[in-house]
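For reference, the structure is listed below as structure tokens.
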Amino acid sequence: MQNTIAMGTKTRAARVALLLILAALPSACSAPGASPAKAGTPEAISLLGEPLYPMSMTDEQRSEREAQLATAREQLADDPNNEQAIIWVGRRLAYLGRYRDAVAIYSEGLARHPNSAHLLRHRGHRHITLRRFDDAVTDLTRASWLRDGLPDEIEPDGQPNDAGIPTSSLHANIYYHLGLAHYLNGDFEEALRAYRTCIGHAAVSNDMTVATAHWLYMTMRRMGFDEQAATLLELFSADTEIVENFAYLDLLLMYKGELTPEQVLADVEPGSIEFSSRAYGVANWYRQDGDWTTQAEELFDAIVDGEAWPAFGYLAAEAELAREQQR
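Every letter in the sequence shown is one number past the one before it in my numbering, and letter 183, counting from 1, is 180.
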């Protein structure tokens, strides 16, 4: 696909600089002080057939998250039918990397609250994490039907940003994750439909808007809607105020030609969730320029060599590589 966005000529120097970044990436990264033991049953199997175990975390992180889970369990025990209490147990399990247990809790909750869009939204998210994209589409589509015509709600963050400001809403998250499930399945037409709906709800914050715009842009480009994609980019600039989604804003600025791929990837911890987000955007941009066999493939490989497998960028890189293997 010809790139219609003015990104400038990819010089040999730029290519060499990116290759140097890639050469410096380790095959896997662990948090300082963490013990990355990989024993027992994996949480999931990747689209490339690899077992996936919970990401490493420090003893301090694990202790804090275990305490949060214990508190959530106590609150649920006090009120076993409380929908939000069920959700928080599931969220706390997921933050410990126990995604299958989280799905089980959400399923138990849905047995009690079969028409809970909230539970379906969260179970749909974790179906995505576990590479169950069709199940995610089913849950999130039903959640969208249940919320149709109802007022939106701000969703509290389980792991608050530094500003302590929630940046997303129930409706935005339903359509954001629905779009992602379709995107990962390679159903770009349905992904486009979901992201177009999501962008209307994403006005709850600039952070949600830039995240949605990033995936919407890539979906438009994948479908050949280059002029519409370029128009979308006009909404964003370096002055766009955000709280946490700096990776997505930087990628939008790269698509506009205001940042280089090297700038987007600079000073990012290899193997981290942020690296997965940034590297996938850069790799996908290279792939759209018909450069699959060099920078794109090396970046996709660098992403899946890390352990940030729950990250959406990791999932997308995995899907790209799996599709390429099947050709």
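Built from N, CA and C at the ideal position, the CB exists for glycine as well.
CB-CB length for residue 273 against residue 311, believed under 8 Å: 4 Å
Alpha helix (DSSP H) segment containing residue 208, residue limits: 203 to 219
Alpha-carbon spacing of residue 19 relative to residue 122, whole angstroms: Confidence at residue 19 is low in this model, with a pLDDT of 41, below 50, so the placement of that residue is unreliable and no value is reported for it.
Spatial neighbours of residue 93 in its chain, beta-carbon cut-off 6 Å, leaving aside the 5 residues before and after: 62
Exposure of residue 249, with buried meaning 16 or more beta-carbon neighbours within 10 Å: buried
DSSP bridge partner residues for residue 41 (one or two, in chain order): 49
Residue 273 (DSSP reduced to helix, strand or coil): helix
As assigned by DSSP and simplified to three states, the class of residue 375: No information on residue 375 is available, as it lies outside the stretch -2 to 324 that the chain covers here.
Sub-8 Å separation of residue 179 and residue 187 beta-carbons: yes
CA-to-CA distance, residue 152 to residue 76, given in whole angstroms: 21 Å
Bounding residues of the alpha helix (DSSP H) (the contiguous stretch that carries residue 69): 56 to 75
Backbone secondary structure at residue 151 - three-state DSSP: strand
Continuous alpha helix (DSSP H) stretch holding residue 87: start and end: 80 to 92
Candidates 74, 229, 107: closest to residue 136 by CA position: 107
Given residue 170 as reference, the closest of 116, 73, 262, 183 once Cα atoms are compared: 116
Secondary structure of residue 189, DSSP reduced to three states: helix
Residue 304 (DSSP reduced to helix, strand or coil): coil
Spatial neighbours of residue 242 in its chain, beta-carbon cut-off 6 Å, leaving aside the 5 residues before and after: 204, 207, 208
Separation of residue 194 from residue 87, as counted between CA atoms: 27 Å
Distance between residue 163 and residue 89 (C-alpha atoms, nearest Å): 17 Å
Meets three-Cβ-pair contact criterion under 8 Å: the stretch 308 to 322 and the stretch 261 to 279: yes
Euclidean distance between Cα positions of residue 45 and residue 185: 21 Å
Residue closest to residue 277, alpha-carbon to alpha-carbon, out of 299, 176, 126, 217: 299
Closest by C-alpha distance to residue 68, when choosing among 85, 111, 128: 85
Where residue 235 falls, given that 16 or more other Cβ within 10 Å makes a residue buried: exposed
Exposed unless 16 or more other CB atoms sit within 10 angstroms - verdict on residue 329: With the chain covering -2 to 324 only, the question about residue 329 has no answer from this structure.
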